[in-house]
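Before any comments, here is the structure.
In my numbering, the protein residues as written are 9 to 241.
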């Protein structure tokens, strides 16, 4: 009984804060022309998170009124929210690689255009679809995860070869590969910025020392945030 009360309220709060927060973030970055290219991937992640938050409104509605959804609707709901979630993880992987280029290979990064970033974003999103489309084609399925609580997602209950093999495929492509890639990129960044660096003539000694002290902490925070998101997923 307590769970049936907490879940819809939690989903509603998640939907409200997720929708408002991501909408504001998208508006701020898009309205500032000089930020669009620099934070294009972040904007994409916010759009995907916005879709996931919108799905939480649907889940909250069905849980509040204790209504059931037809199989087709459940499949569609599960596909949309799963694609948005997996795509967010994959885009975090792309964001980590972008930061790696910006920190380690600055000259290469400066030659990357907005269109190159857009193509990279779409290719990675295509990879996300390759992970989430198979259940719609018969390899495993999207289903109601809990009988008393409305939430459609990956079938992690059925004990057959199709479901288990797909879960392995999902784990490798939606968690293991992104997690390894993110960890590798930020580790290389962390190791690079801890090497002895030539003091820039354009800065005073105090400014240079402060910059060198702040960079490892900022990188460590980025690693923790990205890995925390992966762990929650």
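Don't be surprised by glycine CBs; every beta carbon is placed ideally from N, CA and C.
(message) Per DSSP, what are the beta-bridge partners of residue 5 in this structure?
(response) Residue 5 falls outside the range modelled here, since the chain spans only 9 to 241, and no answer is possible.
(message) Would residue 63 and residue 34 qualify as a contact pair, given that the criterion is a beta-carbon distance under 8 Å?
(response) Walking along the chain shown from the start, residue 63 turns up at place 55. Walking along the chain shown from the start, residue 34 turns up at place 26. Going by beta carbons, residue 63 and residue 34 fall outside the 8 Å limit.
(message) Rounded to the nearest angstrom, what separates residue 200 and residue 79 at their Cα positions?
(response) As a position in the chain shown, residue 200 is number 192, starting the count at 1. As a position in the chain shown, residue 79 is number 71, starting the count at 1. Cα to Cα, residue 200 sits roughly 51 Å from residue 79.
(request) Just mark residue 39 as buried or exposed, buried being the case when its beta carbon has 16 or more other beta carbons within 10 Å. (result) Here residue 39 corresponds to residue number 31 of the chain shown, with the count starting at 1. Residue 39 is classed as exposed because its beta carbon has fewer than 16 other beta carbons within 10 Å across all chains shown.
(request) Can you give me the Cβ contacts of residue 116 inside the same chain, cut-off strictly under 7 Å, excluding the 5 residues immediately before and after it? (result) For the purposes of this step, residue 116 is taken as residue 108 along the chain shown, with counting starting at 1. So the qualifying residues of the chain are 109.
(message) Using the three-state DSSP reduction, which class does residue 98 fall into: helix, strand or coil?
(response) Locating residue 98 in the chain shown gives position 90, where the first residue counts as 1. Residue 98 sits in a helix when the DSSP states are folded into three classes.
(message) Quick check on the burial criterion: 16 or more other C-beta atoms within 10 angstroms. Buried or exposed for residue 163?
(response) For this step, residue 163 is matched to residue 155 along the chain shown. Its Cβ being crowded by 16 or more others within 10 Å, residue 163 is buried.
(message) Can you give me the C-alpha to C-alpha distance between residue 183 and residue 98, rounded to a whole angstrom?
(response) Here the question's residue 183 lines up with position 175 in the chain shown. Here the question's residue 98 lines up with position 90 in the chain shown. Straight-line measurement puts the Cα of residue 98 at about 9 Å from the Cα of residue 183.
(request) Give me the Cβ distance between residue 100 and residue 185, rounded to the nearest whole Å; I'm assuming they're in contact under 8 Å. (result) Looking up residue 100 in the chain shown gives position 92. Looking up residue 185 in the chain shown gives position 177. Not quite, the Cβ-Cβ distance comes to about 12 Å (not below 8 Å), so this is no contact.
(message) I'd like to check one pair, residue 49 with residue 96: are the Cβ atoms closer than 8 Å?
(response) For the purposes of this step, residue 96 is identified with residue 88 of the chain shown, where counting begins at 1. For the purposes of this step, residue 49 is identified with residue 41 of the chain shown, where counting begins at 1. No, Cβ-Cβ distance for residue 96 and residue 49 is not below 8 Å.
(request) Look at the alpha carbon of residue 27 and the alpha carbon of residue 82, and state the distance between them as a whole number of angstroms. (result) Locating residue 27 in the chain shown gives position 19, counting from the first residue. Locating residue 82 in the chain shown gives position 74, counting from the first residue. Residue 27 and residue 82: Cα-Cα distance of roughly 22 Å.
(message) Going by DSSP, what residue range makes up the alpha helix (DSSP H) through residue 200?
(response) Position 192 of the chain shown, counted from the first residue, corresponds to residue 200. Run containing residue 200: 185-201, per the alpha helix (DSSP H) assignment.
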